[in-house]
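Counting from 1, position 51 in the sequence shown corresponds to residue 51 in full-length UniProt numbering; the numbering is continuous, with no gaps.
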Amino acid sequence: MKKTIDDLDFTKSDGLIPVIVQDVNTKEVLTLAYANKESLSLTKKTGNSWFWSRSRSKLWMKGEESGNVQKVKEILVDCDSDAIIYLVEPTGPACHTGERVCFHNKLH
Numbered sequence: 001m002k003k004t005i006d007d008l009d010f011t012k013s014d015g016l017i018p019v020i021v022q023d024v025n026t027k028e029v030l031t032l033a034y035a036n037k038e039s040l041s042l043t044k045k046t047g048n049s050w051f052w053s054r055s056r057s058k059l060w061m062k063g064e065e066s067g068n069v070q071k072v073k074e075i076l077v078d079c080d081s082d083a084i085i086y087l088v089e090p091t092g093p094a095c096h097t098g099e100r101v102c103f104h105n106k107l108h
């Protein structure tokens, strides 16, 4: 079923929905971020990953400072319409630490 931005449920977390970012080719999970309607609209318009930074309270495009942009190839919506996946072609590391993925630490 095809969904639009207006079909998504942004009411559960202060206007934000979680975004899982996955490599379109390997299906490796690169990171988890959050989107509001505006950042999702920018993602659809530009083809680049846009998010809402909860810590900085502002919109940001992945790679705007590092150059490690993520070209969004497809956006998938979960069954409850309250979470999405960006399938991307990354041009560099996803993590701000320089690691390929943000999930590189093990919980002991």
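For glycine and all other residues, C-beta sits at the position ideal for the given N, C-alpha and C.
Check                                                                                                : Outcome
Residues bridged to E38 [DSSP beta-bridge criterion]                                                 : E38 is not bridged to any residue.
Boundaries (first-last residue) of the beta strand (DSSP E) holding I5                               : That residue, I5, is in no beta strand (DSSP E); it is neither H nor E in DSSP.
Neighbour-count burial assignment, T46, 16 or more Cβ in a 10 Å radius                               : exposed
Residue from D82, D14, T91 whose Cα sits closest to the Cα of N25                                    : T91
Any alpha helix (DSSP H) of 4 or more consecutive residues that is wholly inside the region 27 to 95 : 37 to 46
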